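Engineer: Take this structure, written in structure tokens, and hold onto it; I'll ask about it next.
Protein chains: 2
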Amino acid sequence: MKKKILVVDDEPSISMLIEFNLKLAGYDVRCVHDGEAVFDMLKPFRPDLIVLDLMLPKMDGIQVCRELRKQNNAVPIIMLTALQDVTDRIAGLDNGADDYMTKPFSPQELLSRIQAIFRRTQSLPGNSDNIVHDIGRLSVFTEQREVRIDGREVELTPKEFELLLFLCRHRGKVLSRQQLLHGVWDYHFLGDTRIVDVHISHLRDKIERNARTPEYIMTVRNVGYKLTGPAAADSSLA
Amino acid sequence: MKKKILVVDDEPSISMLIEFNLKLAGYDVRCVHDGEAVFDMLKPFRPDLIVLDLMLPKMDGIQVCRELRKQNNAVPIIMLTALQDVTDRIAGLDNGADDYMTKPFSPQELLSRIQAIFRRTQSLPGNSDNIVHDIGRLSVFTEQREVRIDGREVELTPKEFELLLFLCRHRGKVLSRQQLLHGVWDYHFLGDTRIVDVHISHLRDKIERNARTPEYIMTVRNVGYKLTGPAAADSSLA
DNA sequence: CATTAGATTAAGGTAACGTTAAACCTGTGT
DNA sequence: ACACAGGTTTAACGTTACCTTAATCTAATG
């Protein structure tokens, strides 16, 4: 599978030069021309690396960087800067860039830096399939094993995390206690099905605003539980 | 600051000729006469470029090249080969050399190639692949193999350093013990081993303020360990 | 209001993690 | 070749956090 690279630069000449050379080198390349567009491409394209110009319309490179890291996205970033100013470099690296280059640069140099980064990170399988479940204010990061609510991390125990993840994967569907036991617990669990209730309770304590009026984990009486589905996401009722 | 060049050749006549001419051109030059000696000079001298003969005692040029790249060192290398054989050239470039020259050559030609390489890489200060990982008060310098906490250097053993570096490269992601064994130990160990735990423990002794409440290396029960991610850095609120 | 299903809480057992010391390598100098 | 030192690994033991059970409490349904 080709590695995917997102190039962000508003100067068409630079942008096309990079695109041409990276495609020649066998990468799957997409270009966008302002900072905000990065976030539109994130989910559909899911890049393995971003080449990011510092000066951009709408949202500059530093901001993009910071926002990505804030969203817990660890995609490697190479920052391009027209200035040789060291302070820019510091600012870039401080905000989460992995490497930087000053313009003008040779395509060959960019390529070797990209390869260097992939060499450093590719040892792990499936870099780009770090699934993130977003449900309103709730985010579940599989690879980081982190759960955030309004951006604040909440600490879950292993079972709680697995349970939540399983619910996420079947979002919107009602799951019986049996199904949950089969999905989250070991094959044959001999104990009581009530154990699901206990973990659900703990989960709600941690992720619901008010455990009495759950927004995410809904009880379906006589059946089981379900996680709020995509359609029902914002049921604005008084 | 003078650029530093390390010359590696076992023929004294060639070696001295190169040394003389490069010093004349204003470079800081050191010579060694076998492949292994390169690695002894790496830290104390920290060359900006290496002129490397293909045929060497103890460890040939290709091996030196490959080992340097394996250590993630991107110092530019000019390979010298007595043979005009193209396969040597290919082998050299495949293993990470930046340029090659066939003997005999004029000192002037070597000089111009050196200048060409510096022109290509001079856009950045110092060495290109010398990535620095900064995580709060912690800094990891890949090339110097140094780790600093609040600017104070801490001494790590090789394994500890490799382990920390691997965690840095996958910062934020949870890594299983298996993955760490793969990445750091370079073998596939099936079954139960606590080696990783032991080294994690030693690492924490050295880099954490309080090993009981780690700020950097977090345990993820039932899964493995992870280095504090980008976003979680500063959650300063009352 | 009785009955049933779900929610909550506390307590004990246990598997996973942390730590330490000792054994085992490996390279160096005498 | 030998002893020594630093580093790594193994193994044993201590500790903690988590899962489960079970008992009690609360909300829904008829």
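Chains as they are written, first to last, in full-length UniProt numbering: chain A, 1 to 238; chain B, 1 to 238.
By construction, the Cβ of each residue, glycine as well, lies at the ideal position given by its N, Cα and C atoms.
Just so it is clear, the structure is predicted and the values come from calculations on it, not from any experiment.
#1: If we count the other Cβ atoms within 10 Å of its Cβ and call it buried at 16 or more, is E155 (chain B) buried or exposed?
#2: For the stretch 60–70 of chain B against the stretch 13–23 of chain B, do three or more pairs of beta-carbon atoms, one drawn from each stretch, fall closer than 8 Å, so that the two count as touching?
#3: Ignoring anything shorter than 3 residues, give me the beta strand (DSSP E) runs that lie fully in the UniProt DNA-binding region "OmpR/PhoB-type" (130–229) of chain A, in order along the chain.
#4: Listing by chain order, which chain B residues have their CB less than 9 Å from the CB of P158 (chain A)?
#5: Per the DSSP calculation, T121 (chain A) is bridged to which residue(s)?
#6: Applying the criterion that 16 or more other CB atoms from any shown protein chain within 10 Å of the CB defines a buried residue, is E143 (chain A) buried or exposed?
#7: What are the residues that DSSP puts in a beta bridge with K3 (chain A)?
#8: Taking the alpha-carbon of D186 (chain A) as reference, which of A:E162, A:S13 and A:G96 has the nearest alpha-carbon?
#9: Mind pulling the beta strand (DSSP E) runs of 3 or more residues that sit fully within the UniProt domain "Response regulatory" (4–118) of chain B?
#10: Using only the alpha-carbon positions, how far apart do H33 (chain B) and P57 (chain B) sit?
#11: Give me the Cβ distance between I14 (chain A) and L52 (chain A), rounded to the nearest whole Å; I'm assuming they're in contact under 8 Å.
#12: Is there a Cβ from chain B that is less than 7 Å from the Cβ of G61 (chain A)?
#13: Hey, out of A:K43, A:L6 and A:P12, whose CA is closest to Y27 (chain A)'s CA?
#14: Candidates A:M41, A:E36 and A:N72: which alpha carbon is nearest K173 (chain B)'s?
#15: P76 (chain B) CB to nearest chain A CB: under 7 Å?
#16: Do Y225 (chain A) and I200 (chain A) count as a contact pair if the criterion is CB distance below 7 Å?
#17: With distances taken from CA atoms, which of A:A74, A:D48, A:A82 and A:A25 is nearest E11 (chain A)?
#18: Closest by CA to residue 250 (chain B), which one among B:R212, B:L227, B:R204 and B:T193?
#19: Taking C-beta pairs closer than 7 Å, name the residues in chain B that E67 (chain A) reaches, listed in chain order.
#20: Please compile the residues from chain B whose C-beta is within a distance smaller than 7 Å of the C-beta of Q179 (chain A).
#21: Out of curiosity, what's the CA-to-CA distance linking R145 (chain B) and T157 (chain B)?
#22: Could you tell me whether any Cβ in chain A is nearer than 7 Å to the Cβ of P12 (chain B)?
Structural biologist: Let's see:
#1: exposed
#2: no
#3: 132–135, 138–141, 146–149, 152–154, 217–220 and 224–227
#4: V220, R221, N222 and V223
#5: Paired residues: none, contrary to the question.
#6: buried
#7: The partner list for K3 (chain A) (beta bridge, DSSP) is empty, contrary to what the question assumes.
#8: A:E162
#9: 4–8, 28–32, 49–53, 77–81 and 99–102
#10: 8 Å
#11: Going by Cβ atoms, the distance from I14 (chain A) to L52 (chain A) rounds to 12 Å, so no, they are not a contact pair.
#12: no
#13: A:L6
#14: A:N72
#15: no
#16: yes
#17: A:A82
#18: Beyond the ends of chain B as shown, which are 1 and 238, falls residue 250 (chain B); an answer cannot be given.
#19: Here the premise fails: no neighbours, minimum Cβ distance about 10 Å.
#20: Per Cβ cutoff of 7 Å: no residues; Q179 (chain A) is ~22 Å from chain B at best.
#21: 10 Å
#22: no
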